[in-house]
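Only one structure is covered here, and it is reproduced in the block below.
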Amino acid sequence: AQRVTQPEKLLSVFKGAPVELKCNYSYSGSPELFWYVQYSRQRLQLLLRHISRESIKGFTADLNKGETSFHLKKPFAQEEDSAMYYCALSGNPAYSGAGSYQLTFGKGTKLSVIP
Amino acid sequence: NAGVTQTPKFQVLKTGQSMTLQCAQDMNHEYMSWYRQDPGMGLRLIHYSVGAGITDQGEVPNGYNVSRSTTEDFPLRLLSAAPSQTSVYFCASSYSGTGGPGANVLTFGAGSRLTVL
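Protein chains in written order, with our numbering: chain A, 1 to 115; chain B, 1 to 117.
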């Protein structure tokens, strides 16, 4: 079974402070990890994926297979970063026996950036 | 290019009533899925489809039916609504559900808020 844990329901930081949203996963194979974001009154959208190794809106995330983590980081938080963030995992159906790749989401972390 | 379109945006039902949430995408995506979003529970997969004529169950399929007669449409049916089905429902699609570039990069609809009294 594949599982994603986001330990913080709510994270409040001051503008300009560093941000780290934690994500840990459980999966026996080689997963693909994602961060999705939902801004107020907007649709859920992809923020970044580990295989792209990109920095999007100043956010980065590194897959640590030893610690089974995929934490999202940003050195200086901005007010517009306030949103709901979801970590998600896609497992290889060859391992899970599922009919396809399936995305499993964590419960989400609400980030609030205080001006 | 509309992306993923869900209707209705809001719906109130009485216990036992039936209804269908509509989902349509115009991106020629193979993979379509339905999630429900509940406070403190995150997003949970209800049903998904990797192509026309193919559907499968996700994590929380009970009480819901789906069909995929065309590539574009993936309706979600509640046959006998229950208060436990009060939730926000999201339809999402992606290029492929079987791997390859773009697989699992989901495009989401705006959501349908359902209340069952």
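No residue lacks a Cβ here, since even glycine has one placed at the ideal position from N, Cα and C. Predicted model only: the values in this text are computed from it and were never measured.
Taking C-beta separations shorter than 6 Å and ignoring five residues to either side along the sequence, the partners of Asp26(B) in its chain run Ala2, following chain order. Within chain B, the residues Gly42 have their CB atoms less than 8 Å from the CB of Gly106(A), given in chain order. For the pair Glu20(A) and Lys73(A), the CB atoms are nearer than the 7 Å cut-off. Nearest CB-CB separation between Arg3(A) and chain B: not below the 7 Å threshold. In this structure, Thr104(A) and Val13(A) do not form a Cβ contact; the two beta carbons are roughly 27 Å apart against a cut-off of 8 Å. Take Gly51(B), set aside five residues on each side of it, and the residues of its chain with a beta-carbon closer than 6 Å to its own are Glu30, in chain order. With a cut-off of 8 Å on Cβ pairs, the stretch 88 to 98 of chain B is in contact with the stretch 32 to 52 of chain B, counting three or more such pairs. In this chain, the beta strand (DSSP E) harbouring Cys23(B) covers 19 to 25.
According to DSSP, Ala61(A) shares a beta bridge with Leu72(A).
Residues of the stretch 45 to 56 of chain A whose Cβ lies closer than 9 Å to any Cβ of chain B, in chain order: Gln45, Leu46, Arg49. The C-alpha of Thr107(B) is placed about 30 Å away from the C-alpha of Ile114(A).
Proximity to Ser96(B) across Asn28(B), Asp38(B), Gly53(B) peaks at Asn28(B), based on C-alpha coordinates. The stretch 9 to 21 of chain B and the stretch 38 to 48 of chain B do not touch, with fewer than 3 CB-CB distances between them shorter than 8 Å.
In this structure, Glu79(A) lies near Lys15(A), with their beta-carbon atoms less than 7 Å apart. Note on geometry: alpha-carbon atoms of Met19(B) and Pro61(B) lie some 16 Å from one another. Think of a sphere of 8 Å around the beta carbon of Val66(B): no beta carbon from chain A falls inside it, the nearest being about 13 Å out. Within chain A, the residues placing a beta-carbon under 9 Å from that of Ala110(B) are Gln42, Arg43, ordered along the chain. With distances taken between CA atoms, Gln85(B) lies nearest to Arg113(B) out of Gln6(B), Asp56(B), Val105(B), Arg113(B).
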